[in-house]
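Heads up: the sequence shown runs through residues 9 to 553, numbered per the working numbering. Don't be surprised by glycine CBs; every beta carbon is placed ideally from N, CA and C. Right, one structure below, let's go through it.
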Amino acid sequence: MTGCSLLICRPDGSTDAFELDKPVIRIGRRDDNDLVLDDKHGVSRMHAQITFEGGGPPVLEDLKSANGTLLNGLKVMAKVPLRNGDTVQIGAFKLILSTPQAATPERPKSQLDTSEMFAIEAGAVELNQLQEPQRLVDLASAGQAVPDSGVDLNALELLHEVSVRLARSVTPADVSETAISLLFQIEGVQRATLMPWNDEDQAFQEASLVARSGKRMGGSGTPGSFDPRNLVLSKTILRKVREENRPLHIRDARSMASVSMSIVRAGIQAALCSPLTFQGRFLGVLYADNLIAPDAFSPADFRTFTSIAAQTGLAMANAVALETLLKREVEHAALRLYMPHQVADQIAAGDGDIKLGGVLQPVTVLFADIRGFTQLSEQMDAQEVVLVLNEFFTAMTEVVLDAGGTLDKYIGDCVMALFGAPVPAPDDIERGVRAAIDMQQKAALMNRDRRARGLREVKIGVGLHAGPAVVGNIGSAQRMQYTAIGDTVNVASRVAAVAAPDQVLVSEDVRAGTVKGDSFQPLGEVKLKGREQKVNIYSVPWPMV
Numbered sequence: 009m010t011g012c013s014l015l016i017c018r019p020d021g022s023t024d025a026f027e028l029d030k031p032v033i034r035i036g037r038r039d040d041n042d043l044v045l046d047d048k049h050g051v052s053r054m055h056a057q058i059t060f061e062g063g064g065p066p067v068l069e070d071l072k073s074a075n076g077t078l079l080n081g082l083k084v085m086a087k088v089p090l091r092n093g094d095t096v097q098i099g100a101f102k103l104i105l106s107t108p109q110a111a112t113p114e115r116p117k118s119q120l121d122t123s124e125m126f127a128i129e130a131g132a133v134e135l136n137q138l139q140e141p142q143r144l145v146d147l148a149s150a151g152q153a154v155p156d157s158g159v160d161l162n163a164l165e166l167l168h169e170v171s172v173r174l175a176r177s178v179t180p181a182d183v184s185e186t187a188i189s190l191l192f193q194i195e196g197v198q199r200a201t202l203m204p205w206n207d208e209d210q211a212f213q214e215a216s217l218v219a220r221s222g223k224r225m226g227g228s229g230t231p232g233s234f235d236p237r238n239l240v241l242s243k244t245i246l247r248k249v250r251e252e253n254r255p256l257h258i259r260d261a262r263s264m265a266s267v268s269m270s271i272v273r274a275g276i277q278a279a280l281c282s283p284l285t286f287q288g289r290f291l292g293v294l295y296a297d298n299l300i301a302p303d304a305f306s307p308a309d310f311r312t313f314t315s316i317a318a319q320t321g322l323a324m325a326n327a328v329a330l331e332t333l334l335k336r337e338v339e340h341a342a343l344r345l346y347m348p349h350q351v352a353d354q355i356a357a358g359d360g361d362i363k364l365g366g367v368l369q370p371v372t373v374l375f376a377d378i379r380g381f382t383q384l385s386e387q388m389d390a391q392e393v394v395l396v397l398n399e400f401f402t403a404m405t406e407v408v409l410d411a412g413g414t415l416d417k418y419i420g421d422c423v424m425a426l427f428g429a430p431v432p433a434p435d436d437i438e439r440g441v442r443a444a445i446d447m448q449q450k451a452a453l454m455n456r457d458r459r460a461r462g463l464r465e466v467k468i469g470v471g472l473h474a475g476p477a478v479v480g481n482i483g484s485a486q487r488m489q490y491t492a493i494g495d496t497v498n499v500a501s502r503v504a505a506v507a508a509p510d511q512v513l514v515s516e517d518v519r520a521g522t523v524k525g526d527s528f529q530p531l532g533e534v535k536l537k538g539r540e541q542k543v544n545i546y547s548v549p550w551p552m553v
């Protein structure tokens, strides 16, 4: 219909052609658009449209999108006619217009991408050379200039302040705020920001663009948060900064008399931009600009900015490392609340990956539960029942952990513990029996205290069995639990069920694996619930052992 088309340049480097064959072409993320651009971070559902009116050239209009639409690097504020070769930027996509030459002549060179109208100078000083811990401070104290940089003594005073203040910044947010405030000590800086880089998303995090007054930019035509797509030259700047890994000084190469109003409306006349790096890791971008003067920044200002960026990269690396360490400590502490300590420690020491699966290994399984708890709970209100259970679980858990066992789970009024998981040891059975005896002794002390307070006593029975079991993360990808399963667990549970109040019962396998097993009292073969074969069990005379 129109003979016009768009060359679509996608973020992955691929290209595609799209014919403008309708009077109205809607562009956006939603599936019902004519041209669908899949970028939920940068493209609105109904982002922009191109229309053909009265046989004239195609007209571009932004549909009040969240991140705006750029035409040749300039933000579209109203309906704009398009010409051959124009580049429309929507999110991470570039759309280059191709039209019949007779219908729409190419836009004059002066109206093309404004990045071609700016001079970009790369810094000569390596950032890592300025990250040596004492270099700037020592030179400032000696009253010298930084070799090969030309920084004067006044600048060194600022750099000394940079080192001191950034060293006191302990969080990434602190580093960002401090770095921005230091940039405003460079006279020509009117606006500044620090854009952190997110390694997981491979994208910049949202960051505020701060004016010299200290206020975050907002209001008509000025974004409240800094999005690189809203800055003239942003793509050129960020690509060059990342590729060359050097600070950049961007300035309008023409005299002020020839600056077009479109450039003034777009924002910058001069800018300073630097990668934030440490030991080869890219951490973000530090940016400052001036909206009025093309030569607002002198070479000395650029060198000072470079040094601030170097120290900011060092401080940011330290802050990120500290934040990561603290996060891991908090996560580790949280894991220890919900899973066995040994398992939490293994996860913390490894890569943090938790997978389903188990291994067959020897374990000693212990069950301890409150005898007559159903009748006991009928004589209490709900709050008192909870208090009794918490007191019991707290005491029993402490015994298990002190004996080097793994707390498997709480089951109603019962505690299940493992000895020999995750890692088996020669004394697993001995430690299991020791824990069972300590549980009864702890329960006796707890009951003495309860009697003194006029409360009902809590009697427990304990049972143990040793043998092979499958130990590991059992469940599903959405919900899993570290536990042991198998016949050994079932036998231990049945032995505990037979135990009377104040009694510790063990199987033949447990008695044979302990040094003082000969002192255990044989109770003969016992038929356990759910098992055809009888099991020899023994009573541990725990007050005497």
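Quick check on residue i: buried or exposed, where buried means 16 or more other Cβ atoms within 10 Å of its Cβ?
i	result
D526	exposed
P370	buried
L333	exposed
M125	Any answer about M125 is weak, because its pLDDT of 45 lies below 50 and its placement is not dependable; what the coordinates show is given next. By the 10 Å Cβ count, M125 comes out buried.
H257	buried
N75	buried
V240	Because the pLDDT at V240 is just 45, under 50, the model does not fix this residue reliably, and the point stays unresolved.
D436	buried
S73	buried
M404	buried
K542	exposed
G380	exposed
P116	With a pLDDT of 46 at P116, under the threshold of 50, the modelled position of this residue cannot be trusted, and the question is left open.
H55	buried
From the DSSP output, read off the bridge partner residues of residue i.
i	result
R199	A219, D297
I33	I58
W562	Not covered by the structure: residue 562. The range shown for the chain is 9 to 553.
A376	V423, V470
C17	T23, K102
G366	G480
T491	G480
K417	M424
K83	L78
Using a Cβ cut-off of 8 Å (strictly closer), state whether residue i contacts chain B.
i	result
A452	Given the protein chain composition of this structure (a single chain), no chain B is represented.
Would you kindly report the start and end of the unbroken alpha helix (DSSP H) that includes residue i?
i	result
M447	436 to 460
T522	First-last for T522: undefined, no H or E at that position.
T382	381 to 386
F26	Careful: F26 lies outside any alpha helix (DSSP H), inside the beta strand (DSSP E) at 23 to 27.
L463	Counting along the chain, L463 falls outside any alpha helix (DSSP H), and DSSP gives it neither H nor E.
P180	180 to 191
D40	Run containing D40: none; DSSP gives neither H nor E here.
D410	390 to 410
Tell me which same chain residues have a C-beta within less than 8 Å of the C-beta of residue i, skipping the five on either side of it?
i	result
V470	L374, F375, A376, A444, M447, Q448, A504, A507, Q511, V512, L513
R458	R464, E465, V466
G413	L374, A425, L426, F427, R439, G440, A443
A325	F286, Q287, R289, L291
Ignore the nearest five residues each way along the sequence and tell me which others in residue i's own chain have a CB closer than 6 Å to its CB.
i	result
K558	The structure shown does not extend to residue 558, since the chain is modelled only from 9 to 553, so the question has no answer here.
A296	L191, V197, A200, L280
T179	A327
P302	R259, D260, Q277, A278
P204	Q213, G292
A304	G196, A278, N298
Using C-beta distances below 7 Å, list every residue in its chain close to residue i, excluding the 5 sequence neighbours before and after it, in chain order.
i	result
V407	A443, D446, M447, K450
Note the first and the last residue of the continuous beta strand (DSSP E) segment covering residue i.
i	result
Q287	Neither: Q287 is in no beta strand (DSSP E) and is coded neither H nor E.
S515	511 to 515
E533	529 to 534
E214	Careful: E214 lies outside any beta strand (DSSP E) and carries neither H nor E.
V67	67 to 70
I'd like to confirm something about residue i: is its beta-carbon nearer than 7 Å to some heavy atom of the ligand SAM, or not?
i	result
T414	Although the ligand SAM was asked about, the structure shown includes no ligands whatsoever.
Would you be able to state if there are at least three C-beta pairs under 8 Å between the stretch 318 to 333 and the stretch 173 to 192? With the cut-off at 8 Å, the stretch 173 to 192 and the stretch 318 to 333 touch.
Stretch-stretch touch, CB-based, cutoff 8 Å, three pairs: the stretch 29 to 38 with the stretch 49 to 65: Yes, the stretch 29 to 38 is in contact with the stretch 49 to 65.
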